[in-house]
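Student: Okay, here's the structure, questions in a sec.
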Amino acid sequence: MNVVLWIAQSLLAGLFLLAGFTKATQSREGLAARLPWVEDFSDGQIRIIGILEVLAGLGLILPAVTGILPVLVPIAAVGLVITMVGAIAVHLRRKEYPGIAVNVVILLLSAFVAWGRFGPYSF
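For the sequence shown, numbering that gives the first Met the number 0 gives the first residue as 0, with consecutive numbering after it.
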């Protein structure tokens, strides 16, 4: 199970590092073609979302690898669960239903990591 949790953590970390870096470095206009929801947010809000996603991605891996505060791994996973709840709310409000399915999968994967790392497979 530890290997499965590491795989889930790695997938989530890669996803959020890439997505967060993109949101933190590109303009809202550049993102709007692929992410229509950015129209509802300011440039600053989108950058903050991106930075938080990058930090969550790092938080899923670095504490466990370095052995420094490994409790941050499940905390980062819980943060991603909360982020996905917010993303689902935005997609519901905008009636972007296909986006919700992706967010639910990410939410479940994040919840799995939080459960495993807080519980029976903690560091």
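For each residue, glycine too, the CB sits at the ideal point set by N, CA and C.
Assuming W124 is part of the alpha helix (DSSP H), what are its boundary residues?
Tutor: Absent from the structure is residue 124, since the part of the chain shown begins at 0 and ends at 122.
Student: Between which two residues does the alpha helix (DSSP H) harbouring E52 extend?
Tutor: Segment D42 to T65, the alpha helix (DSSP H) holding E52.
Student: Following the continuous alpha helix (DSSP H) through V70, name the residue where it begins and the one where it ends.
Tutor: From DSSP, V70 is part of no alpha helix (DSSP H); its letter is neither H nor E.
Student: Can the beta-carbon of A7 be found less than 7 Å from the beta-carbon of V72?
Tutor: For A7 and V72, no; Cβs fall outside 7 Å.
Student: Should the segment 19-26 be regarded as contacting the segment 40-50, the criterion being three or more beta carbon pairs within less than 8 Å?
Tutor: Cβ pair count under 8 Å is three or more, so yes.
Student: Quick check on F111: does DSSP put it in helix, strand or coil?
Tutor: The answer is helix: DSSP assigns F111 an H, G or I state.
Student: Where L107 and E28 are concerned, what is the direct C-alpha to C-alpha distance, given to the nearest angstrom?
Tutor: L107 and E28: Cα-Cα distance of roughly 30 Å.
Student: Would you tell me roughly how many angstroms separate the C-alpha atoms of Q44 and I99, rounded to the nearest one?
Tutor: Going from the Cα of Q44 to the Cα of I99 covers about 20 Å.
Student: Helix or strand or just coil, what does DSSP make of R93?
Tutor: DSSP places R93 in coil when its eight states are reduced to three.
Student: Let me know if N102 comes out buried or exposed under the rule of 16 or more other beta-carbons within 10 Å of its beta-carbon.
Tutor: That one is buried.
Student: Please state whether the Cβ-Cβ distance between L16 and G56 is less than 7 Å.
Tutor: Taking 7 Å as the Cβ cut-off, L16 and G56 qualify as a contacting pair.
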